[in-house]
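Here's the structure, in C-alpha cells; my notes come after.
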C-alpha cells in the first residue's frame, strides 16, 4: 500500500446479473439435435440453432452501439411454438426486481456489492445500477409468473431488448463529482429501451450492421482462400495437417 496507495474506495468490475430464458417444456430437455452456435465476426452477430420435436429454433443476439442496447430474437419454423419463462437474477444483495406483464418489462435496480472493510459501507456506497428489459412477443400471450417471472406462451417469435447503466460519470474537474443523480439513471436506461423498441428489430439490426461494418470493413485480410469451408472451427483444428484439404487448412 505504501507504493500502490490505498484502494479501499477504488472501483472494480463486477457481474451485473443473469437473464434466464427457460423452456417450460423441460420433460424432454435432452431431446435436441443439430445444435449449432455461430459467431459471425463480420457482422458481430451470434446465432444459435437447433431442432426439437421436428421444429427448427433459432436465436440471434447482438449488441447495438448506436442504440446502446442488447437485442435478442427467437424464431421457430412453426407458428405458436415458442414458450419461455423469462427472469433475471443477481448476486448483489442490495437490489429490487420488478416485472410487469402488462408492459412486458423486467426492471432491476440496486447497488453493487462492496468489497473490503464492511464498516466503511456508508462511505463507499453511492453507485447505483439499473437494468431494464422489454419483451416483444408476436402471437401468443405474456402473463405474470412467480418470483418476477414473465411467462411467454405459444408465441411465433420473441424479441428481447435490454439496456443497463449506472450513475457513474467521468468528471475531469477538480470537483471529482463521479456520481450523478440516482433517479436520473433509471430514466436514462428506460428511455433507451423504449426508443429501441419503437424502432423494431429490423431497424436495430440494420443500424448495428452499418455502425459495426464502418469500422470492421476498413481492413480485410485474405490468406489466399477462395471458398469458406463448411466445417466447424473445432473440426478444422482437429483435422489440421491431417484430413483437411489445403484450402481448409488456410482457416
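In our numbering, the protein residues as written are 153 to 403.
Built from N, CA and C at the ideal position, the CB exists for glycine as well.
Hey, out of the options, whose CA is closest to residue i's CA?
i           : options            : result
residue 174 : 238, 165, 230, 295 : 238
residue 350 : 258, 390, 236, 312 : 312
residue 478 : 182, 188, 172, 166 : In this structure the chain extends from 153 to 403, so residue 478 is not present and cannot be described.
residue 264 : 165, 379, 400      : 165
residue 342 : 258, 395, 388      : 258
residue 337 : 347, 321, 352      : 321
residue 229 : 247, 206, 346, 373 : 206
Under a Cβ-count criterion, where at least 16 other Cβ atoms within 10 Å of its own Cβ denotes burial, should residue i be classed as buried or exposed?
i           : result
residue 176 : exposed
residue 219 : buried
residue 366 : exposed
residue 234 : buried
residue 271 : Because residue 271 carries a pLDDT of 45, less than 50, the predicted location of this residue cannot be relied on, and no value is offered for it.
residue 375 : exposed
residue 360 : buried
residue 362 : exposed
residue 191 : exposed
residue 384 : exposed
residue 373 : exposed
Do residue j and residue i count as a contact pair if the criterion is CB distance below 7 Å?
i           : j           : result
residue 256 : residue 287 : yes
residue 331 : residue 278 : yes
residue 208 : residue 199 : no
residue 227 : residue 309 : yes
residue 300 : residue 251 : yes
residue 306 : residue 194 : no
residue 247 : residue 260 : yes
What does a CB cutoff of less than 6 Å around residue i pick up in its chain, not counting 5 residues either side in sequence?
i           : result
residue 295 : 253, 303
residue 203 : 185, 186
residue 222 : 215, 314
residue 380 : none
residue 172 : 239
Skipping 5 residues on each side, what residues in its chain have a beta carbon closer than 7 Å to that of residue i?
i           : result
residue 168 : 242, 281, 283, 316
residue 369 : none
residue 396 : 388
residue 297 : 237, 303
What does DSSP give as the partner residues of residue i in its beta bridges?
i           : result
residue 173 : 238
residue 341 : Paired residues: none, contrary to the question.
residue 316 : 283
By Cβ distance below 8 Å, which residues in the same chain neighbour residue i in space, the five residues on each side in sequence not counted?
i           : result
residue 292 : 232, 234, 235, 304, 305, 306, 307, 308
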